[in-house]
Structure formats: structure tokens, C-alpha cells
Amino acid sequence: AQTVTQSQPEMSVQEAETVTLSCTYDTSESDYYLFWYKQPPSRQMILVIRQEAYKQQNATENRFSVNFQKAAKSFSLKISDSQLGDAAMYFCAYRRGGNKLVFGAGTILRVKS
Amino acid sequence: NAGVTQTPKFQVLKTGQSMTLQCAQDMNHEYMSWYRQDPGMGLRLIHYSVGAGITDQGEVPNGYNVSRSTTEDFPLRLLSAAPSQTSVYFCASSYSGTTATRYGYTFGSGTRLTVV
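Residue numbers (the numbering used here), protein chains in the order written: chain A, 45 to 157; chain B, 356 to 471.
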């Protein structure tokens, strides 16, 4: 079974600084997709970024980028120029051919002004 | 654009009561699923469906039933509520099939359920 591990229950970052959230996963598949979701206090699940395993290039969405290391099964999220609105719970998730999405336990990100 | 609509947003139940959490989507998604979110455990899959008339169990199915009579609706039934079912519940949908896997899910806004 696939598992997703987020080893940082909480992280803090100063406004305008950069922070990296860690995620590792376990799979025997070669073709799959990885996602980062943001959950603000409103509880809504918001897709931040996704990465196709067959692509070597790391995905980027504005201030959000990933460091995808397929051999190490690592998928970290970097947030640059952190803003107060980035404060949220962040979930790493894995999805292979098929449909099930497997989530990590989440990392709470606090942004200090 | 309604997306995924979940009702109710909040609910308090007494132990032993039954209830149905409603989920509807208007995006013609084949795949629908229910997750529960508990502190320190992320989101865990309860049940899912790959199309009308087809359902299957996820990671934590005990105490819950589902049915999928239409593409749009996927209700979750708690048969006899227990305090261990106190959680936040999310319904999520997506297109199905390998080519659609690159897309994430669309989530409902969640239901906070408390069983006393």
C-alpha cells in the first residue's frame, strides 16, 4: 500500500522569507502523480501544485515550487516570499493510475509578521 | 459553478442516532469519494465510487454505508453514530481513468460532525 509521510507537524516562517515543507512517499509504481493541498481555517481544500512522476522538471506555480526527487521518493514544497495568507495546513498527497488519493498527516504552517 | 456541494456544514448527533451526509456534484465526474479528517492523521478514505451503481470500501469503512444511484449524488450514511465518528467529513470528486489522474480532486466544504 502506498503511504505518504510528512515529518513536520508544524513549521513557522517570517513574512517574506522562504520555507520548505517535507514529504516522502512509498510506492512501487513508476507512473503516478503528487499533489500539495492547502487547507486554510475555512476548511476548504485548495490544490496548490501537482507533479507528474514521469516529468523530471520540477513544477512551479508562482511563489510555490516543488523539489521532486523520484529516486529518493521525496516531494518537498517551497514557498517563497511567504505571506500571511499562506498560513494554513498543508497536505501532501499521492495518486497513481486509478483514482485513490492518499494523504499525509499534514503540516501546519504559521507565518509571523 | 456549484462544484461539490456538501450538506450539512455542522451536525451534532447523540450516540446511536443515524444520519446521512449529502454530497452532490455538477461536473459530471465519474469518481466520488468520502474522507474523514482527524488531527494528526490527515484525510483517510472511507468509501468511493467509480460510477453510478458501483461503490467500494476505502481505508476506514466500518460504521458507514454509501450508495450511488446517480452520477451526481453520493450520500454517506452513519448507521448508528459513535463518539469515534466525531470528525470532519469531506466529499471529493474527479474525472476517472488514467488520463484524468493528473488532476486533483474537487472537494466539498466539509461537514463537522460531533457525536456525544
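Ideal placement from N, C-alpha and C gives every residue a C-beta, glycine not left out.
Between Arg432 of chain B and Asn417 of chain B, the C-beta spacing is not below 8 angstroms. At a cut-off of 3 residues, the continuous stretches assigned as beta strand (DSSP E) that sit fully inside the region 438-467 of chain B are 442-449. Within the model, the alpha-carbon separation for Lys117 of chain A versus Tyr69 of chain A is close to 6 angstroms.
Nearest to Ile401 of chain B by alpha-carbon distance, out of B:Ile409, B:Met374, B:Asp381 and B:Tyr390, is B:Tyr390. Within chain B, the residues placing a beta-carbon under 7 angstroms from that of Leu145 of chain A are Tyr460, ordered along the chain. His402 of chain B has B:Trp389 and B:Gln412 as its beta-bridge partners, per DSSP.
About 5 angstroms separates the beta carbon of Gln50 of chain A from that of Cys67 of chain A, a gap short enough to meet the 8 angstroms contact definition. Contact annotation: the region 130-142 of chain A touches the region 77-91 of chain A, with at least three C-beta pairs closer than 8 angstroms. With its beta carbon less than 8 angstroms from one in chain A, Gly397 of chain B belongs to the interface.
In this chain, Val471 of chain B is not harboured by any beta strand (DSSP E), its DSSP state being neither H nor E.
Along the region 402-415 of chain B, the positions whose C-beta sits under 8 angstroms from a C-beta of chain A are Tyr403, Val405 and Gly413, read in chain order.
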